[in-house]
Structure formats: C-alpha cells, structure tokens
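Under the UniProt record's numbering, the first residue of the sequence shown carries the number 1, and numbering increases by one thereafter. Backbone N, C-alpha and C define an ideal beta-carbon position, used for all residues, glycine too. From a predicted model like this one, the values you see are computed outputs, not experimental measurements. Below is one structure, written out as structure tokens; the observations come after it.
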Amino acid sequence: SSRGINFRTRHLMKDLRTLMPHSKADTKMDRKDKLFIINEVCEMKNCNKCIFFEAKKKQDLYFLVQNIHTLAELKMTGNCLRGSRPVLSFDPVFDQKPHYALLKELFIQIFSTPQYHPRSQPFVDHVFTFSITDERIWFRNYQIIEDDGALVEIGPRFVLNLIKIFQGSFGGQTLYENPHYQSPNMVILYSCFHYCYFESISRYLKQEFYVC
Numbered sequence: 001s002s003r004g005i006n007f008r009t010r011h012l013m014k015d016l017r018t019l020m021p022h023s024k025a026d027t028k029m030d031r032k033d034k035l036f037i038i039n040e041v042c043e044m045k046n047c048n049k050c051i052f053f054e055a056k057k058k059q060d061l062y063f064l065v066q067n068i069h070t071l072a073e074l075k076m077t078g079n080c081l082r083g084s085r086p087v088l089s090f091d092p093v094f095d096q097k098p099h100y101a102l103l104k105e106l107f108i109q110i111f112s113t114p115q116y117h118p119r120s121q122p123f124v125d126h127v128f129t130f131s132i133t134d135e136r137i138w139f140r141n142y143q144i145i146e147d148d149g150a151l152v153e154i155g156p157r158f159v160l161n162l163i164k165i166f167q168g169s170f171g172g173q174t175l176y177e178n179p180h181y182q183s184p185n186m187v188i189l190y191s192c193f194h195y196c197y198f199e200s201i202s203r204y205l206k207q208e209f210y211v212c
C-alpha cells in the first residue's frame, strides 16, 4: 500500500492476508514513488500477482473500494479454519460481458489458494462470492456449515467499483473504462449542488410565504 491509508483500509489488508495464505506483505511505498516500481518489487520477490492500495485522497485507486467492513467490525457468527482453501462463486453476469470475464479470471488467480501450498490446509470450508449489482462488484465471505451445507457470513465485506483496465501492469493502453464511474470529487460536487439548490428553493418559498 501507499502511505496515508486510513485504519479501515489497513484492517482490510490484514483480513485479506489472513484469508489468502499464499499472500505476502511488503513495506509501504511513498506517495512520490511511481507505480511501475511495484513491478520491480514483484519481480524481486518472485511474485506474479499484486494487490496495491493507493490512498492519495484516502480512497482513490483503479478499483474504487467502497463500503468496507472488516472482520473485527462485523463480528459475524461464521468462522473458518485459518489457511483453508475457498470455493469461488461468481455472478452469471461475469460470463456475459468481456470485461467482467477478464475480471473473473483475475479474481480466480488472486483469491484461489494454490493446491498443496505449504501454508494452506487441505480443507474447503468457506466461500468467496463475487456478485454484480449497480455496476459494482460485491465481495462476501461465507462459512460452509458441515451439517446441512448452509452458509453463514464471516466477513470481511467490501464493494469494488471498476475504473479502468490497462493492458500492462500499472500502466499501458486503456482496454476498458467504466462509463458509469463517478469520482468521489464529482459525487461530493453533485451533493453540494443539490443541497444549495434545495436551500435556495426553500429560502424563496419562505420569502414568498411572508409576502403573501
């Protein structure tokens, strides 16, 4: 991650490392460092996949991560064995559009624990679900109850809002740009505009009422 992330993002990173026994943590990067340096770090660590949290404005990244709820925050009743391998469940929409199919393959390579990994357990007792609602990807983690196969949520939970897909690692030609994405700055601007608009209408109606 970059320096300056908030506590919730830091706890989410810890939860993801707990859920993925094949993951490795590294030192934080300075905000002034270029993103292509991450490729060099991955090459030195013999790593071919990376999750990087950048926090220039506390929440901006190529996926905008929203609605973060960590394991400690949720306090769900579900539980799973540390280091166990997950089942990945995807929304049928992932097979209907090319950019979602690409993201599905990306999630499979990142979140699926390699078989016979030294730090993994030979058990499958939880499910990672990736569902699509409102053009956003919703992540949930559920425990598989051994008796009847029911699901109990464990956590964490978060929402991914796709911004862009690049041809290369942290750069290159833009393959896809989400037309439904709105930056946090634009959302704040629209909220302020609507607030000022309704305030002006309210003041106008009050003045008209007093005149009558």
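- Contact between the segment 122-138 and the segment 158-168 is established, with three or more Cβ pairs separated by less than 8 Å.
- As far as DSSP is concerned, Gln167 takes part in no beta bridge.
- Here Phe130 is not near Phe36, since their CB atoms are 9 Å or more apart.
- The Cβ atoms of Ile165 and Leu88 lie no closer than 9 Å to each other.
- For Gln121, the closest C-alpha among the options Cys80, Gln109, Met29, Thr27 is that of Cys80.
- In the pairwise beta carbon analysis, the segment 4-16 is classified as touching the segment 40-53: at least three pairs are separated by under 8 Å.
- By the C-beta criterion, the segment 22-32 is judged to be in contact with the segment 105-120, since at least 3 inter-stretch pairs fall below 8 Å.
- Put simply, the backbone Cα of Val152 is about 17 Å away from that of Phe123.
- Secondary-structure assignment with DSSP links Gln143 through a beta bridge to His126, Val152.
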